[in-house]
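Worksheet: the structure to be examined is printed underneath.
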Amino acid sequence: MTSSNPSATDPAPRPKRRTFSPEYKLRIVAEYDAAPEGEKGAVLRRERLYHSHVTEWRAARDAGALERLVDHRTSPARPKKSAAEAENEKLRRQVERLEKELARNKAALEVLGKASALLEMISESAD
1 MTSSNPSATD PAPRPKRRTF SPEYKLRIVA EYDAAPEGEK GAVLRRERLY
51 HSHVTEWRAA RDAGALERLV DHRTSPARPK KSAAEAENEK LRRQVERLEK
101 ELARNKAALE VLGKASALLE MISESAD
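With full-length UniProt numbering, letter number 77 in the sequence shown gets 77, and the count goes up by one each step, no holes.
What follows is the structure in structure tokens.
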């Protein structure tokens, strides 16, 4: 079955990480509305959506408030780090890890010193 509408033949791709593009939202609302009553739940299950998603998106579409269809939870893409920046970040994390390890070792050394002093006191009193 072919459609004369080119956008119907090229559906918006399914999003990753539960962020939804406006095109995806409009496609799902149209698909949900066109589905027979018994198959509406199948659309929701397949797309892992809830009825409240479709209700909210339909209301925004019907009100002409398409800006509400833009998912504001998505953050802009972070610029790719250069090789030098990535290496600096790696070294910074390594320094932080070593500083934590040094602090743990200093604490263990203090405990060891106290234990050594205590052993000396015990051996002196035993003599």
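Virtual Cβ for every residue (Gly too), placed ideally from N, Cα, C.
Rounded to the nearest angstrom, the Cβ distance from V43 to E31 is 6 Å, consistent with a contact under 8 Å. Taking one beta carbon from each stretch, the stretch 20-35 and the stretch 45-55 have 3 or more pairs nearer than 8 Å; the two touch. In this structure, the straight-line span from the alpha carbon of P36 to that of I28 is close to 14 Å.
Look at Y50 here: in three-state DSSP terms it is coil, with no helix or strand label. One alpha carbon belongs to A60, the other to H53, and they sit about 11 Å apart. Secondary structure note for E99: its alpha helix (DSSP H) is the uninterrupted segment 83-126. Under the DSSP assignment, K25 falls in the alpha helix (DSSP H) whose first and last residues are 22-34.
Separation of R97 and S123 (C-alpha to C-alpha, rounded to the nearest whole angstrom) is 39 Å.
Distance from the CA of S82 to the CA of E99, rounded to the nearest whole angstrom, comes to 26 Å. Per DSSP, reduced to three states, the secondary structure at K40 is helical.
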